[in-house]
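J.:
Number of protein chains: 2
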Amino acid sequence: MATLTAAQKRTQARIEYDAYLATCPSRQLLSTLGDKWVALVLSALAEGPARYSELRRHIAGVSQKMLTQTLRTLERDGLIDRDVEPTVPVTVRYSLTPTGHSLFAVVSALKSWAEQNMQTVLEARSAYDAAAGS
Amino acid sequence: MATLTAAQKRTQARIEYDAYLATCPSRQLLSTLGDKWVALVLSALAEGPARYSELRRHIAGVSQKMLTQTLRTLERDGLIDRDVEPTVPVTVRYSLTPTGHSLFAVVSALKSWAEQNMQTVLEARSAYDAAAGS
DNA sequence: CTGTATCCGGGCCGATACTG
DNA sequence: CAGTATCGGCCCGGATACAG
Chain A
1 MATLTAAQKR TQARIEYDAY LATCPSRQLL STLGDKWVAL VLSALAEGPA RYSELRRHIA
61 GVSQKMLTQT LRTLERDGLI DRDVEPTVPV TVRYSLTPTG HSLFAVVSAL KSWAEQNMQT
121 VLEARSAYDA AAGS
Chain B
1 MATLTAAQKR TQARIEYDAY LATCPSRQLL STLGDKWVAL VLSALAEGPA RYSELRRHIA
61 GVSQKMLTQT LRTLERDGLI DRDVEPTVPV TVRYSLTPTG HSLFAVVSAL KSWAEQNMQT
121 VLEARSAYDA AAGS
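Those protein sequence lines, which keep their order, are chains A and B.
For the first sequence, the positions run 1 to 134 when the UniProt record's numbering is used.
For the second sequence, the positions run 1 to 134 when the UniProt record's numbering is used.
1) For residue 193(A) and P98(B), what's the separation of their Cα atoms in angstroms?
2) Can you name, in chain order, every residue of its own chain whose Cβ lies under 6 angstroms from the Cβ of R10(A), other than the five neighbours on each side?
3) Quick one: Cα of T87(B) to Cα of D81(B), how far?
4) Evaluate V84(B) with the Cβ neighbour count: other Cβ atoms within 10 Å of its Cβ, from every protein chain shown; 16 or more gives buried, anything less gives exposed.
5) Does the beta-carbon of Y94(B) have 16 or more other beta-carbons within 10 angstroms, so that it is buried, or is it exposed?
6) Just verifying my parser: in three-state terms, what is the DSSP assignment at E85(A)?
7) Have a look at H101(A) and Q64(A) and give me their C-alpha separation to the nearest angstrom.
8) Among all the DSSP beta bridges, which residues are the ones paired with L96(A)?
9) Looking at the C-beta of E115(A), does it have a partner C-beta in chain B at a distance below 7 angstroms?
10) As a quick exercise: from A39(A), S53(A), G78(A) and Q119(A), pick the residue whose alpha carbon is nearest that of L21(B).
11) What residues match up with A50(A) in a beta bridge as DSSP calls it?
12) Mind the definition here: the region 27-47 of chain B touches the region 46-59 of chain A only if three or more C-beta pairs lie below 8 angstroms; say whether that holds.
13) With a threshold of 16 other CB atoms inside 10 Å of the CB of A114(B), please say whether the residue is buried or exposed.
14) Is there a Cβ from chain B that is less than 7 angstroms from the Cβ of G100(A)?
15) Helix, strand or coil for D35(A), going by three-state DSSP, please let me know.
16) At a Cβ threshold of 7 angstroms, is L29(B) touching chain A?
17) Of all the CB atoms in chain A, is at least one closer than 7 angstroms to the CB of A13(B)?
18) Could you work out which residue in M118(B), L33(B) and N117(B) is closest to A105(B) when comparing CA atoms only?
19) From T5(B), D18(B), A127(B) and D35(B), pick the residue whose C-alpha is nearest to that of residue 136(B); which is it?
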């Protein structure tokens with residue numbers, strides 16, 4: 001039949017909304033920044049260009065896989081440059097593009113907010129947890 | 001023995017780094033904002049207080065579970081207020097706190113960056129994919 | 001040195017059913 | 001109306017092994 005059940009309508013609405021979100025610039029940016037290592041890589045490269053192994057050492061907790069994956073994503077989005085020098089063994093330098101620098105500025109603003117307000121947030125959290133425990 | 005293998009040292013370094021990240025205000029904020037629905041709930045409430053069912057309708061794609069979970073997290077962090085009116089049936093109004101409003105301002109800045117630069121990013125992405133396909 | 005390929009466990013999140 | 005409880009699929013991301 002042509003009519004849909006309530007459940008089907010809801011599912012359909014969700015699919016459409018997901019599609020809408022997938023094209024939303026803000027959401028795309030947010031999900032990229034939300035990635036665990038993106039902000040750290042941006043910060044590291046904001047201090048200047050660096051080689052793969054330097055990044056790996058500087059961001060101590062990252063796994064090889066995630067570092068490579070993060071770098072590829074950022075490169076694909078035009079946020080960082082990847083320069084390969086044909087030495088033996090090969091040398092690779094990563095650096096921020098202008099777009100990457102401008103994104104880092106935004107992230108810095110976020111960082112400032114966090115540093116100024118996280119204390120308040122943490123206190124609210126403690127108060128909330130204490131009330132729940134009583 | 002007292003010495004550690006290279007693998008053990010790396011694991012240890014990762015644990016310490018994770019612990020460090022867990023206390024980093026920026027990272028905490030980023031992982032919160034990265035949550036799929038947080039920004040959407042903030043945006044919705046920035047337009048004014050709303051009831052649970054209103055939010056559910058306004059943010060069409062969200063599931064009951066995730067909406068509740070998101071609201072709880074934001075409430076816990078002191079970003080939104082939850083007011084219960086003892087009517088029958090019960091009425092619940094959510095609204096942004098001052099801290100919540102200030103966070104929304106930051107998110108708005110992020111949104112502006114996304115709207116201004118996502119076109120460039122998308123083009124870079126297309127170019128990258130085209131090069132890979134050749 | 002700078003990656004790629006594969007396996008696999010844990011957690012996120014949607015669907016569903018139930019409640020005051 | 002405004003939730004809570006539970007199950008299950010899927011994907012993220014770490015560990016490991018291999019390669020140019």
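Glycine residues also receive a C-beta, built at the ideal position from the N, C-alpha and C atoms.
This structure is a prediction, so every number in the text was calculated from the model and none was measured.
T.: For this structure:
1) The shown model of chain A, from 1 to 134, leaves out residue 193(A), and the question about it has no answer.
2) none
3) Computed Cα separation, rounded: 18 angstroms.
4) exposed
5) buried
6) In this structure, E85(A) counts as strand in the three-state DSSP scheme.
7) 24 angstroms
8) Answer is I80(A).
9) yes
10) A39(A)
11) Y94(A)
12) no
13) buried
14) no
15) coil
16) Output row for L29(B): interface = yes.
17) yes
18) Across the set M118(B), L33(B) and N117(B), the C-alpha of L33(B) shows the shortest separation from the C-alpha of A105(B).
19) In this structure chain B extends from 1 to 134, so residue 136(B) is not present and cannot be described.
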